[in-house]
DNA sequence: CTGAAAGCGCTTACAG
DNA sequence: CTGAAAGCGCTTACAG
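Chains as they are written, first to last, in my numbering: chain A, 4 to 350; chain B, 4 to 350.
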C-alpha cells in the first residue's frame with residue numbers, strides 16, 4: 004500500500020494525498036476527511052525512508068553509550084548497564100518521544116565499534132546525537148562536532164577545547180561543588196585524614212571531583228596528601244582494589260569515592276581489613292544508585308539529577324534540530340548531598 | 004557529498020561507485036581501490052534512506068519496552084528502568100550490533116504511545132521488533148504479527164493463541180520451574196504455610212510462577228490456601244502493600260514474592276510488623292537484581308538468564324530478517340535458584 | 001484548490 | 001567490465 008493506491012481509491016492525485024498527510028491547509032475539509040478515512044481503513048503509513056529522502060525532517064536522534072571497561076573486555080562477559088547509563092537512557096528516550104523523536108541507541112564497548120557512530124551521522128540515519136560515557140576530548144566526538152553535526156555531550160569539560168565545545172550542547176553535573184560539599188561535610192565531622200579514590204581521570208567528572216576535594220581541603224587549611232589520593236576504574240572492583248592498597252599504607256579516617264559502586268567495593272575492603280563503617284572509617288559515594296539506601300550502613304552519597312540532565316540533553320538537542328539553529332549551550336546541573344549513615348564524627 | 008561526486012572525481016559512473024560500495028565482484032581491483040581511496044578521503048557515506056528506498060536491506064530493528072505502571076503515571080514522576088528492562092536492553096543492543104544491526108528503542112509509558120509502535124513497522128523504519136514488558140496477549144502486538152511483520156516477544160505464553168504465536172519468536176524464562184523449585188526448597192525447610200504474592204497477573208510470567216507455586220504445594224500434599232495468595236504490581240510498593248495486608252490476616256512462615264523489588268517491600272513490611280527475616284518469616288524473590296546480594300539478609304531468589312534471553316531474541320529475529328524466512332520459535336530458558344540467607348528452617 | 005512533473009540519492013537489471 | 005536508465009515512494013514548487 005502506497006500513496007498512489009490511496010490516491011486512486013480516493014480519486015485524487017498523489018499530491019493531494021501527500022497534502023493531507025502533511026497537514027497542508029489548502030485542501031477542503033471534506034476531501035481531507037475522506038482521504039483520512041481511506042488511509043485509516045487501509046492502515047496506510049507513508050514510507051519513512053521515502054519521506055526523508057524527499058525532504059521531510061528526520062526525527063530520529065542517536066544516543067551513544069560509550070562503555071569501554073577493561074574488566075568487561077578481558078573476560079568478554081556481559082555486564083549490566085550502570086544505573087547512570089540506564090537512567091539517562093530511559094529518560095532521554097522518554098523526553099525525545101514527548102517531542103516526537105525516536106532514539107537509536109548504540110553501545111560502544113570497544114574502539115572498533117566507533118566507526119558506527121560516525122556512520123550514523125554521515126549517512127543521515129540520525130539528525131543529531133547525544134554522547135554519554137566518553138573520555139574527555141574524545142577525538143571522534145570532536146570530529147563529528149567539527150563536521151557540523153548537532154551534538155549534545157554529557158560529562159565533558161568545555162575548558163579543554165572551547166572552540167569545539169562552543170559548537171554543541173554540553174551538560175555536566177556540578178561535580179566540583181558535589182565533591183567540595185561532601186568533603187566539607189566530612190571536615191565538619193572533624194575528619195582531617197580524608198582519602199580520595201577517584202574514577203578514571205580521563206572522564207571529566209572524575210577530574211572535577213578531585214578538584215573539589217582538593218579545594219575543600221585547602222579552604223580548611225588541611226594539606227593535600229598525595230598518598231591519600233588514587234584513581235581506579237569506576238567499578239566495585241576498582242573501589243575494592245584501590246582501598247585495599249590504600250589501607251596497606253595509610254590510616255585515613257574517611258574516604259571519598261568516585262561513585263557508589265566504588266563505595267561498595269570500598270566497604271568490602273574495609274570489612275576485610277577488620278574495620279567498621281562508619282566506626283573506623285567514614286565513606287561517601289557519588290551517584291545515589293538504588294542500592295545505596297539498602298547498604299549496611301546506608302550510604303551517604305552525592306546524588307546527580309539525572310532526570311534533569313537527560314531532559315536538558317534531549318530538549319536542547321531536539322530544539323536545535325527543529326529550529327535548524329546552531330544552538331550551543333553549557334549547562335551545569337546541581338547535585339545533592341544525601342546524608343545517610345556511612346559517616347560519623349572522627350574520634 | 005554524494006555518489007555522483009565520487010563518480011566524477013574517480014572518472015567513473017555512479018553505477019561503478021555503487022558496485023564497489025556494495026562489494027560487487029565485477030569491478031577490477033585497481034578501480035575498486037582507487038574509488039575506496041576517494042571515498043575515504045572525502046568521508047563519503049551513502050545516504051541510508053536512499054539506500055533503503057533503492058532496495059538495500061534495512062538493518063535496524065525496534066525494541067519496545069512496555070512499562071505502564073499505575074504508580075509512575077499517577078505521580079507523573081520518572082522512574083528508573085528496572086534491572087530486567089535495562090539488562091535486556093543493553094544485551095539486545097550489543098547482540099544486534101554484533102550482527103550489524105542497530106536498534107531503535109521505544110518506551111511505551113502510556114496507552115497513547117502505542118501508535119508509535121505500529122508506525123515503526125508500517126513505515127518501514129525497522130525491519131522487525133522485539134517486545135518486552137507487554138501484558139499477555141497484547142492486541143497491538145498480535146496485530147503486528149498478523150500483518151506479517153517479524154516479531155520476537157519476551158514473556159508471553161504461547162498457549163493463549165497458538166495460531167498467532169506460532170508466527171513469531173517467543174522467549175520465556177522457565178517461570179514455572181523457577182517457582183516450583185523455590186517452593187520445593189521452602190518445603191524442604193519444613194515450611195507449610197507459604198504465601199505467594201505474585202506480580203500483575205496480566206503478565207505471563209506472573210501466572211506461570213503462580214502455577215509453579217501451586218503445583219509444588221500439591222505435589223507435597225500441602226493444600227493451596229487462597230488467603231495466602233495475592234497479586235500486586237511488580238514493585239517495591241506493591242510488595243509492601245500486599246505483605247502488610249497479608250500479615251494483618253495470616254501467619255505465613257514463608258513468602259514467595261513476584262520479584263526482588265516486591266521482596267524488598269516485603270522485608271520492610273515484615274520489619275514494621277516487628278518480625279525478622281528469616282527468623283520469623285523466610286523470603287524468596289525472583290530476578291536476582293544487583294541489590295539482592297547486599298540486602299540484610301542477602302536475598303534468596305530465582306535468577307533469570309537475561310543475557311541468554313536477549314541473545315535468543317536478537318539472534319533469532321535478525322536471522323529471520325536476514326534469511327527472509329518466516330522463522331518461528333519458542334524458547335524456554337532455564338532459571339537458577341540463588342540460595343542466600345533470607346530463608347531458614349521453619350520452627 | 002489540484003495535478004503533472006521534477007527531484008531526493010541511491011541500487012540494479014539491462015545492454016553492450 | 002561499465003554506463004545509461006528505470007525505479008524505489010515520497011514531497012513540493014510550479015502552473016493552472
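Ideal Cβ positions, reconstructed from N, Cα and C, are used throughout, including at glycine.
Note that this is a predicted model, so its numbers are computed, not measured.
Item to check | CB contact below 8 angstroms: residue 53/B versus chain A | outcome: yes
Checklist entry - Around the Cβ of residue 149/B, are there at least 16 other Cβ atoms within 10 angstroms (buried) or fewer (exposed)? => result exposed
Item to check | Counterpart residues of residue 65/A in DSSP-defined beta bridges | outcome: 107/A and 132/A
Item to check | residue 272/A vs residue 216/A beta-carbon contact at 8 angstroms | outcome: no
Item to check | For residue 289/A, the first and last residue of its enclosing beta strand (DSSP E) | outcome: 285-290
Next on the checklist: Let me make sure I understand the geometry here. Which of 238/B, 267/B, 185/B and 99/B has the alpha-carbon closest to that of residue 295/B?
Outcome noted: 267/B
Item to check | Contact list for the segment 103-132 of chain B against chain A, Cβ threshold 8 angstroms | outcome: 105, 106, 107, 108, 109, 110, 112, 116, 119, 121, 122, 123, 125, 126, 127 and 128
Next on the checklist: At a CB distance below 9 angstroms, what residues from the segment 25-52 of chain B approach chain A? Give them in sequence order.
Outcome noted: 46, 47, 48, 49, 50, 51 and 52
Next on the checklist: Would residue 225/B and residue 195/B be called neighbours here (beta carbons separated by less than 8 angstroms)?
Outcome noted: yes
Next on the checklist: Tell me which residues share the same chain as residue 300/B and place their Cβ nearer than 8 angstroms to its Cβ, disregarding the 5 neighbours each side in the sequence.
Outcome noted: 280, 281, 343, 344 and 345
Next on the checklist: Whole angstroms are fine: how far does the CA of residue 200/A sit from the CA of residue 239/A?
Outcome noted: 12 angstroms
Checklist entry - Within 8 angstroms (strictly less), CB to CB, does residue 297/A reach chain B? => result yes
Checklist entry - Just to confirm, are residue 126/B and residue 50/A a CB contact at a threshold of 8 angstroms? => result yes
Next on the checklist: Cβ closer than 9 angstroms: which chain A residues qualify as neighbours of residue 334/B?
Outcome noted: None at all; the shortest Cβ gap to chain A is about 18 angstroms.
Checklist entry - Is the Cβ of residue 94/A closer than 8 angstroms to any Cβ of chain B? => result yes
Checklist entry - To the nearest angstrom, how far is it from the Cα of residue 331/A to the Cα of residue 93/A? => result 24 angstroms
Checklist entry - With DSSP run on the structure shown, which of helix, strand or coil describes residue 237/B? => result coil
Next on the checklist: Below 8 angstroms on the Cβ atoms is my contact criterion, and I expect residue 136/A with residue 88/A to pass it. Report the Cβ-Cβ distance as a whole number of Å.
Outcome noted: 7 angstroms
Next on the checklist: With a threshold of 8 angstroms between beta-carbons, can residue 293/B be considered close to chain A, or not?
Outcome noted: yes
Item to check | Beta-carbon gap between residue 286/B and residue 324/B smaller than 8 angstroms | outcome: no
Checklist entry - Of all Cβ atoms in chain B, is any one closer than 8 angstroms to the Cβ of residue 90/A? => result yes
Checklist entry - Is it true that the CB of residue 139/A sits closer than 8 angstroms to the CB of residue 160/A? => result yes
Next on the checklist: Short of 8 angstroms Cβ to Cβ, which residues in the segment 305-330 of chain A face chain B?
Outcome noted: 310
Item to check | Helix, strand or coil at residue 330/B according to DSSP, with G and I counted as helix | outcome: coil
Item to check | Any chain B beta carbon closer than 8 angstroms to residue 235/A | outcome: no
Item to check | Within 8 angstroms, strictly: CB atoms of residue 147/A and residue 334/A | outcome: no
Checklist entry - Can you find at least 3 beta carbon pairs, one from the segment 94-105 of chain B and one from the segment 103-120 of chain A, that sit closer than 8 angstroms? => result yes
Item to check | residue 11/A to residue 113/B span [Cα, whole Å] | outcome: 36 angstroms
Next on the checklist: If I follow the unbroken beta strand (DSSP E) through residue 178/B, where does it start and stop?
Outcome noted: Note, residue 178/B: premise wrong, no beta strand (DSSP E); alpha helix (DSSP H) at 178-191.
Checklist entry - Shortest alpha-carbon distance to residue 164/A belongs to which of 153/A, 151/A, 142/A and 184/A? => result 142/A
Next on the checklist: Determine, for residue 211/B, whether the minimum Cβ-Cβ distance to residues of chain A falls below 8 angstroms.
Outcome noted: no
Item to check | Exposure label - residue 312/A; buried when at least 16 CB within 10 Å | outcome: buried
Checklist entry - According to DSSP, which residues form a beta bridge with residue 265/B? => result Answer by DSSP bridge pairing: none, since residue 265/B is not bridged.
Checklist entry - From the beta carbon of residue 81/A, is the nearest beta carbon of chain B less than 8 angstroms away? => result yes
Checklist entry - When you compare only the Cα positions, how much space is there between residue 328/B and residue 154/B? => result 12 angstroms
Checklist entry - Can you tell me where the beta strand (DSSP E) with residue 200/B in it begins and where it stops? => result 197-201
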